[in-house]
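Colleague:
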Amino acid sequence: MTTVPLLYEDSPPPQVAAGERIEADRSTRRPVLLFFHSAVVWLLVGSALGLVASLKFQFPDWLAGQALWTFGRVRTAHLNAVAYGWASMALVGVAVWMIPRLVRAPLHRPAAAMAAAVGWNLFLVLGIGAVLAGWTDGLEWLEIPFPIDAIVAVAGGLMAYSVLMTVARRRTKHFYVSVWYALAAMVWFPIIFVTANLPVWGGVGQAAVNWWYGHNALGLWITALSLATAYYLIPKVLGRPIRSYWLSLVGFWALAFFYSMNGIHHLIGGPVPTWLITVSITASVMMVIPVAATAVNFHTTMLGRFGTLRHSPTLAFVVAGAMIYTAVSLQGSAEALRTVNRVTHFTHFTVGHAHLGVYGFASMILFGAFYFIVPRLVNWEWPKPALIRWHFWLALSGIAVYFVSLTLGGWLEGARMLDAAVPFGDVVTATKPYLVARSVGGALMLAAHLVFAYHYWLMVRRRGPERAEPAWSEARAAA
Amino acid sequence: MSAARGAANLCGAVSPVALVLLAVCFAGALLAGAAFAWAALRGEFTDAEQTAFLVFDEEDAAAARRAVLPPSERIR
């Protein structure tokens, strides 16, 4: 497959390298499994809540008798369950597994990482419970009440402590680009989370902080950790280094410098100083630089190896996610332009875009990461390969139906809302077919998650036939 | 426009408490700049292509010698 030397010039001898990797894997096994188990549960909870919220567009009287099940609460619970439960816990799990391998050092204080996972779950249970009970801060992405936020701040601190100390004790001279992304995310997220949750904001300033946080949670947390994962997995599975390592660094630093002001474009047309909006639009368009750098790198690394996608479940998911990253990022830059935003703002178009980012990009990469990492955690192979194919196609078709329908429906909705001659009731009625398609897409994604969760459960229970060649067993590596 | 007038306009346009956000952004920019300088001084940008091989370990070397995908990637 490849003839390039696969070990870094500063790598230790193979026996030492094997020992270091085994030591790193042992140290991360329990915390990563705890993060992964939790993430899978939150994926099921979150996507079920999402489907309930979507179905309410077709059956507005369904579950309307109790405040708990009203759209505003269910949809908010869905967002928090998938963003902070599924995506965040899975991404942290991947980072905790990946970083010790990349710095060739065991995870520092695995118990702190375990405690972080427990605290994170406590935050989610209390926070989503509060949202469903009607107690929220009323700000998108920041709905979970302030006192409960303190729990995740402590949990995140424990997590960051464990990871940062691991890096401090590294045995490598340089940082691989995934380490850059993951470390930056571990520093950025606490800053934006704590700042946005300070109980000092009000009025227009609060709206600005709200969207500064909301977009940065995507770009500086979910995107950063997802790209770290893709930069690790694509070369690993292909057995071929990333096409241009230099370009990957350009992508990282450009994201670091341009992303943080993107969020204010959510307030175009609002009572916010024009200069603030213009800076945000400029930063959003500047994001083309890191996106192009990353896209070119991923795609040229894959050139000549696309046939591998038929055999590798990891690559199938990760490459799909990487391609969607390019698409959703360029769409986001375009959406920030005033002329486009004038049509798409306050429509279903934005919902389609957000799902393409968190699901089509981040979640697809995460699914790929699970298929790579879990065999190495439980020393077992996925028992039913057919279920992986079902998972892939259900997930991909689900997000495709969801995104296309909301993009078309949202654009038509926005164009009609700008036409003063069209009554608002007619605008709403015209969106109905697209909302049905949204529910169909959501149902497909939920089906994909049920398949995935069932397979994951079989895997961690080590069910199914033992394969002739188990995943990287410690004994095999040592031999 | 004088500096005082500029500051007054800024405070008039943005809630004074939102200036905390600007301070946080400024601190973040300093942090990013310091990280960038630190990386440059440590030689992270020199001989960068070699660092691309850090992702590999002895597992991958063995798989490459046999010219096969890792086992968990051959379960089509």
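In the order they appear, the protein sequences are chains A and B. Under my numbering, think of the first position of the first sequence as 88, with each following residue one higher. Under my numbering, think of the first position of the second sequence as 169, with each following residue one higher. Just so you know, even glycine gets a beta-carbon here, dropped at the ideal spot from N, CA and C. From a predicted model like this one, the values you see are computed outputs, not experimental measurements.
Within 10 angstroms of the Cβ of Y171(A), are there 16 or more other Cβ atoms? Answer buried if so, exposed if not.
Modeller: Indexing the first sequence from 1 puts residue 171(A) at position 84. When all chains shown are included, Y171(A) counts as buried.
Colleague: If you draw a straight line from the alpha carbon of A240(A) to that of L390(A), how long is it in whole angstroms?
Modeller: Here residue 240(A) refers to the residue found at position 153 when the first sequence is read from its first residue. Here residue 390(A) refers to the residue found at position 303 when the first sequence is read from its first residue. Answer to the nearest angstrom: the Cα atoms are 42 Å apart.
Colleague: Beta-carbon of P584(A) versus every beta-carbon of chain B: anything under 7 Å?
Modeller: In the structure as shown, chain A begins at 88 and stops at 566. Residue 584(A) is therefore absent and cannot be evaluated.
Colleague: Mapping the DSSP letters down to three states, classify H124(A) as helix, strand or coil.
Modeller: In the first sequence, residue 124(A) corresponds to position 37, counting from 1. If DSSP states are grouped into helix, strand and coil, H124(A) belongs with the helices.
Colleague: Rounding to the nearest angstrom, what Cα-Cα distance links R188(A) and E468(A) in this structure?
Modeller: The sequence position of residue 188(A) within the first sequence is 101, counting from 1. The sequence position of residue 468(A) within the first sequence is 381, counting from 1. Whole-angstrom Cα-Cα distance: 21 Å.
Colleague: The alpha helix (DSSP H) that contains V250(A), what's its start and end?
Modeller: Here residue 250(A) is taken as the residue at index 163 of the first sequence, counted from 1. Where V250(A) is concerned, the enclosing alpha helix (DSSP H) stretches over F233 to A255.
Colleague: Can you list, in chain order, the residues of the region 197-225 of chain B whose Cβ is nearer than 7 Å to any Cβ on chain A?
Modeller: A200, F204, E212, F213, A216, E217, Q218, T219, A220, F221, L222, V223, F224 and D225
Colleague: For the region 247-261 of chain A, which residues have a beta carbon sitting closer than 7 Å to at least one beta carbon of chain B?
Modeller: T259 and H261
Colleague: Hey, V430(A) and L505(A) are a contact pair by Cβ (cut 8 Å); roughly how many whole angstroms apart?
Modeller: Here the question's residue 430(A) lines up with position 343 in the first sequence. Here the question's residue 505(A) lines up with position 418 in the first sequence. Confirmed, Cβ separation roughly 7 Å.
Colleague: So, at 6 Å on beta carbons, what are the nonlocal neighbours of R256(A) in its own chain, with the 5 sequence-adjacent residues on each side left out?
Modeller: Translated into the one-based positions of the first sequence, residue 256(A) becomes position 169. So the list reads A192, once near-sequence residues are dropped.
Colleague: Does any CB atom of chain B fall closer than 7 Å to the CB of S313(A)?
Modeller: Walking along the first sequence from the start, residue 313(A) turns up at place 226. No, because no Cβ of chain B sits closer than 7 Å to the Cβ of S313(A).
Colleague: Is there at least one Cβ from chain B nearer than 7 Å to V169(A)'s Cβ?
Modeller: Stepping through the first sequence from its first residue, residue 169(A) is reached at position 82. False, the Cβ-Cβ gap to chain B never drops below 7 Å.
Colleague: Does any CB atom of chain A fall closer than 7 Å to the CB of L189(B)?
Modeller: Within the second sequence, residue 189(B) is the residue found at index 21, counting from 1. Yes, its Cβ sits closer than 7 Å to a Cβ of chain A.
Colleague: Can you tell me the Cα-Cα spacing of R116(A) and K260(A), whole angstroms?
Modeller: In the first sequence, the residue the question calls residue 116(A) occupies position 29. In the first sequence, the residue the question calls residue 260(A) occupies position 173. About 25 Å.
Colleague: Taking only beta-carbon atoms, is V375(A) less than 7 Å away from chain B?
Modeller: Counted from its first residue, the first sequence places residue 375(A) at position 288. By this cut-off, V375(A) is not an interface position.
Colleague: At 7 Å on the CB atoms, spell out the chain B contacts of G244(A), in chain order.
Modeller: For the purposes of this step, residue 244(A) is identified with residue 157 of the first sequence, where counting begins at 1. Chain B residues near G244(A): none, gap ~17 Å exceeds 7 Å.
Colleague: What residues from chain B crowd round A343(A), counting only those whose CB sits closer than 9 Å?
Modeller: Position 256 of the first sequence, counted from the start, is the residue given in the question as residue 343(A). By Cβ distance, chain B contributes A200, A203 and F204.
Colleague: Mapping the DSSP letters down to three states, classify P286(A) as helix, strand or coil.
Modeller: As a working mapping, residue 286(A) is identified with position 199 in the first sequence. Reduced to three states, the DSSP call for P286(A) is coil.
Colleague: So A140(A) and R162(A) are supposed to be a Cβ contact under 8 Å. How far apart are they, rounded?
Modeller: Here residue 140(A) is taken as the residue at index 53 of the first sequence, counted from 1. Here residue 162(A) is taken as the residue at index 75 of the first sequence, counted from 1. 4 Å between Cβ atoms; contact.
Colleague: Let me check understanding here. Comparing Cα to Cα, which of M201(A), A220(A), I329(A) and A456(A) lies closest to A154(A)?
Modeller: Along the first sequence, one-based indexing puts residue 154(A) at 67. Cα-wise, what sits closest to A154(A) is A220(A).
Colleague: Would you kindly check if the distance between the Cβ of A216(B) and the Cβ of Y319(A) is under 7 Å?
Modeller: Taking the first residue of the first sequence as position 1, residue 319(A) is located at position 232. Taking the first residue of the second sequence as position 1, residue 216(B) is located at position 48. Here Y319(A) is not near A216(B), since their CB atoms are 7 Å or more apart.
Colleague: Given this structure, state the Cα-to-Cα distance separating L209(A) from L531(A), to the nearest angstrom.
Modeller: Taking the first residue of the first sequence as 1, we reach residue 209(A) at position 122. Taking the first residue of the first sequence as 1, we reach residue 531(A) at position 444. For L209(A) and L531(A), the distance between alpha carbons rounds to 29 Å.
Colleague: Find the nearest neighbour of G206(A) within the set D236(A), P400(A) and V445(A), judged by alpha-carbon distance.
Modeller: On the first sequence, residue 206(A) is found 119 positions in, with the first residue counted as 1. For G206(A), the nearest C-alpha among the options comes from D236(A).
Colleague: T578(A) CB to nearest chain B CB: under 7 Å?
Modeller: What the structure shows of chain A is the stretch from 88 to 566, and residue 578(A) is not part of that stretch, so it cannot be assessed.
Colleague: Using a Cβ cut-off of 8 Å, which residues of the region 397-424 of chain A contact any Cβ in chain B, in chain order?
Modeller: R397, H398, S399, P400, T401 and L402
Colleague: From G216(A), V218(A), V183(A) and V190(A), pick the residue whose C-alpha is nearest to that of A203(A); which is it?
Modeller: On the first sequence, residue 203(A) is found 116 positions in, with the first residue counted as 1. When each option's Cα is compared against that of A203(A), the closest is V183(A).
Colleague: If you reduce the DSSP assignment to three classes, tell me which class V359(A) lands in.
Modeller: As a first step, residue 359(A) is located in the first sequence; it is residue number 272 there, counting from the start. Note: V359(A) maps to coil in three-state DSSP.
Colleague: Taking buried to mean at least 16 other C-beta atoms within 10 Å of its own C-beta, is G227(A) buried or exposed?
Modeller: As a first step, residue 227(A) is located in the first sequence; it is residue number 140 there, counting from the start. The sequence given here places Glu at residue 227(A); Gly does not occur at that position. Exposed.
Colleague: Quick test of your reading: F448(A) and G408(A), contact by CB under 8 Å. State the CB separation rounded to the nearest angstrom.
Modeller: What you label residue 448(A) is simply residue 361 of the first sequence in a count that begins at 1. What you label residue 408(A) is simply residue 321 of the first sequence in a count that begins at 1. At roughly 5 Å, the Cβ-Cβ gap stays under 8 Å, so F448(A) and G408(A) are in contact.
Colleague: I want to see whether chain C comes within less than 7 Å of P286(A), judged by CB atoms only; does it?
Modeller: In the displayed structure, chain C is absent; the protein chains listed are A and B.
Colleague: Is V296(A) buried or exposed, if buried means 16 or more other CB atoms sit within 10 Å of its CB?
Modeller: Position 209 of the first sequence, counting from 1, holds the residue named residue 296(A). Taking every protein chain shown into account, the CB of V296(A) has 16 or more other CB atoms within 10 angstroms, so this residue is buried.
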